[in-house]
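Residue numbers (this note's numbering): 100 to 262. C-beta: ideal position from N, C-alpha, C; glycine also. Fair warning: this is a prediction, and the values are worked out from it, not measured in the lab. Below is one structure, written out as structure tokens; the observations come after it.
Spelled out as structure tokens, the structure:
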């Protein structure tokens, strides 16, 4: 008889343990497989996965674009949050997710522009993507290295970390 009284209590204690279990299969095949690229406005030059801008010119990201790497799949991005050297400087929820950053008050040197965004690909889990781009503020255009791959398109791919 005592066992019957304890049965509801034991069942009630078992319920929280079910809520604490997870089903992570450690299979990355459900994560998006995408390539992210950035395009820049006048005044910014992309060279070797870095961006150069002359002090006083604005750094304008005209677009953030995504391409699915798997055949037959499509991908899209969610809102993009921009940080510059760890400080949030902007948020754009509207494609193509551009932003303009003034450089007049910056000293010449290297900075880091970080983009955080939601990445979605068909039949994959949603992922949070983070991409970092080195930004070099220089005194004059002569300080910008030549780009042998420059085809006139001011766009480059960036490495992205998905979580």
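Mapping DSSP to helix, strand and coil, what is residue 256? strand
Under 7 Å Cβ to Cβ from residue 278, same chain only, skipping five residues before and after it: list those, please. Outside the displayed range of the chain (100 to 262) lies residue 278, so it cannot be described from this structure.
Out of 227, 143, 147, point me to the one whose CA is closest to residue 131's CA. 227
To the nearest angstrom, how far is it from the Cα of residue 152 to the Cα of residue 175? 28 Å
Find the nearest neighbour of residue 199 within the set 135, 154, 159, judged by alpha-carbon distance. 159
For residue 173 and residue 218, which I take to be in contact (beta-carbon distance under 8 Å), what is that distance rounded to the nearest angstrom? In fact, because the Cβ distance is near 12 Å, the residues do not count as touching under 8 Å.
Taking all protein chains shown into account, do 16 or more other C-beta atoms lie within 10 angstroms of the C-beta of residue 197, making it buried, or fewer, making it exposed? buried
Identify whether residue 261 lies in helix, strand or coil by the three-state DSSP scheme. strand
Secondary structure at residue 245, three-state DSSP: helix, strand or coil? coil
From the DSSP secondary-structure annotation, give me the bridge partner or partners of residue 163. 137
Using 7 Å as the threshold, is the C-beta distance between residue 193 and residue 179 below it? no
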